[in-house]
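Single-structure report; data block below.
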Amino acid sequence: MREPAVPVRLGMVGGGAGAFIGAVHRAAARLDGAFELVAGALASTPERALASAAELGLPRGYPSWQAMLDGELALPPEQRIEAVSIVTPNHLHFPIARAFADAGFHVVCDKPLVHSSAQADELVRVARERGVVFAVTYNYSGYPMVKEARRLVRDGVLGPLRKVVVEYRQGWLATPLEAGGENRQAAWRTDPARSGPGGAIGDIGSHAEQLLATVTGLEVEAVRAELTTFVPGRALDDDATVLLRFRGGARGVLLVSQVEIGAENDLRLRVHGERGSLSWRQEEPNRLWLATLDEPAQLRSRGQPYLGAAAAAASRVPPGHPEGFLEAFANVYAGVAAAIRGDAGADYPGLADGARGVDFIEAVVASAAQGGAWVNVRPRA
Ligand SMILES: NC(=O)c1ccc[n+]([C@@H]2O[C@H](COP(=O)([O-])OP(=O)(O)OC[C@H]3O[C@@H](n4cnc5c(N)ncnc54)[C@H](O)[C@@H]3O)[C@@H](O)[C@H]2O)c1
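Heads up, the sequence shown is in numbering that gives the first Met the number 0, so the first residue is 0 and it goes up one at a time.
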């Protein structure tokens with residue numbers, strides 16, 4: 000058990016100069032004072048890694064993640080990092096997460112977790128054996144109104160669920176942005192060796208699957224998928240249409256695109272039950288629509304006293320003072336800090352979410368390869 004006032008010593012792999020999500024992780028980890036970033040191997044070359052660490056003023060900059068692992072293990076336990084955040088392109092998640100978890104460090108890894116369900120199995124095994132906390136930054140599940148949606152479903156307000164529609168629409172890959180290699184985020188995301196078997200379905204479809212799973216508690220039993228590559232020459236899908244069959248009989252649709260011009264980060268969820276429906280949209284995250292058979296439709300709002308405990312705990316400022324992406328991301332880190340301190344009820348997306356996401360991507364890719372046949376998603380205990 001840790002005292003809450005003592006920050007967790009954190010290291011970071013990836014997130015050097017010019018990277019996208021590493022800086023978001025740093026802001027999220029810092030927001031509640033629960034973490035202190037003390038070490039980093041921030042980039043793919045030793046020179047850039049050390050320069051990025053110096054720029055951030057990190058106490059310990061390392062030229063590579065292997066050097067960071069060795070260097071930290073050589074320190075006395077009370078000085079070395081306790082947890083590592085992995086914010087590299089996807090193909091590096093597996094070796095780095097495996098090595099740090101195996102050495103007994105807690106892990107925060109970005110999504111999609113790894114490239115294959117066999118790799119996910121291996122991480123599950125190592126994390127269990129070592130007893131480390133392992134989080135996967137499905138940050139959209141950190142929003143207060145997503146936690147409220149989850150509560151409404153759990154409390155039975157919607158009744159038994161019938162149908163779920165989840166959409167994640169972006170437009171930034173509508174042109175061959177990866178050609179020429181200047182946009183590094185586009186370059187690795189469209190390269191199967193670095194991105195994994197899915198393009199848009201892996202990059203943002205994994206968020207969509209996790210959002211629907213966390214809110215509804217439903218498990219996808221089978222998928223029927225069409226993956227499309229609209230931009231000529233691109234090696235991975237940039238658009239996906241997926242029919243979902245859930246265990247227990249509910250049905251769903253998952254739509255993902257990175258070529259819808261004008262769409263920014265438009266993640267939406269609609270859940271329909273026998274007694275009511277709810278609807279939430281990431282670009283307006285402080286509100287949640289609820290409609291039931293018995294009452295007029297409600298627009299529920301973050302910070303209000305009628306919300307459940309999880310939504311209340313996930314909120315930092317009063318209603319009408321907008322909270323957004325960074326605060327939701329910080330809620331994931333707050334859950335990880337609580338778990339590291341030994342709170343068995345800590346609320347954060349974990350290895351089970353990450354592994355399930357990998358199984359889901361695999362099933363979607365297999366279905367699309369079979370012309371849209373129904374393919375079962377591998378069940379996980
Ligand atoms: N949760 C989210 O909302 C979200 C959003 C964006 C990205 N992501 C995920 O975060 C990860 C990074 O994405 P990004 O957009 O920030 O990519 P990016 O290309 O902007 O940054 C990747 C960073 O990793 C570094 N790197 C590469 N190889 C390395 C190595 N061997 N050792 C150390 N560092 C190395 C690069 O130098 C760079 O600093 C991906 O897994 C992506 O799917 C998640």
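Glycine included, every Cβ here is placed at the ideal spot set by N, Cα and C.
Item: 3-residue-minimum beta strand (DSSP E) runs that sit fully inside the stretch 198 to 264, ordered along the chain; Value: 219 to 227, 238 to 245 and 250 to 256
Item: Same chain only: Cβ atoms within 7 Å of residue 101, ignoring 5 sequence neighbours per side; Value: 125 and 129
Item: Spatial neighbours of residue 297 in its chain, beta-carbon cut-off 8 Å, leaving aside the 5 residues before and after; Value: 288, 289 and 290
Item: Residue 110 - DSSP class collapsed to helix/strand/coil; Value: coil
Item: With 16 other Cβ atoms within 10 Å as the buried cut-off, status of residue 13; Value: buried
Item: Rounded Cβ spacing between residue 113 and residue 21 (contact assumed at less than 8 Å); Value: Not a contact, Cβ separation roughly 19 Å.
Item: Inter-residue spacing [alpha-carbon to alpha-carbon] between residue 378 and residue 310; Value: 30 Å
Item: Any non-hydrogen atom of ligand 1 closer than 7 Å to residue 45 Cβ; Value: no
Item: For residue 350, three-class secondary structure by DSSP; Value: helix
Item: Among 51, 40, 18 and 358, nearest to residue 205 - alpha-carbon criterion; Value: 358
Item: Residue interval of the beta strand (DSSP E) (run including residue 279); Value: 275 to 280
Item: Selected residue, minimal CA-CA separation from residue 152, among 338, 369 and 307; Value: 307
Item: N- and C-terminal bounds of the alpha helix (DSSP H) containing residue 312; Value: 308 to 312
Item: Cβ-heavy atom distance, residue 40 to ligand 1, below 7 Å; Value: yes
Item: Closest Cα partner of residue 272 within the set 215, 41 and 208; Value: 215
Item: Continuous beta strand (DSSP E) stretch holding residue 34: start and end; Value: 34 to 40
Item: Close Cβ partners of residue 90 (< 6 Å) along its chain, the five nearest in sequence each way excluded; Value: 193
Item: The stretch 167 to 174 in contact with the stretch 331 to 344 per 3-pair CB rule at 8 Å; Value: no
Item: The alpha helix (DSSP H) enclosing residue 133, as first and last residue numbers; Value: From DSSP, residue 133 is part of no alpha helix (DSSP H) but of the beta strand (DSSP E) over 133 to 135.
Item: Check: residue 213 C-beta below 7 Å from any heavy atom of ligand 1; Value: no
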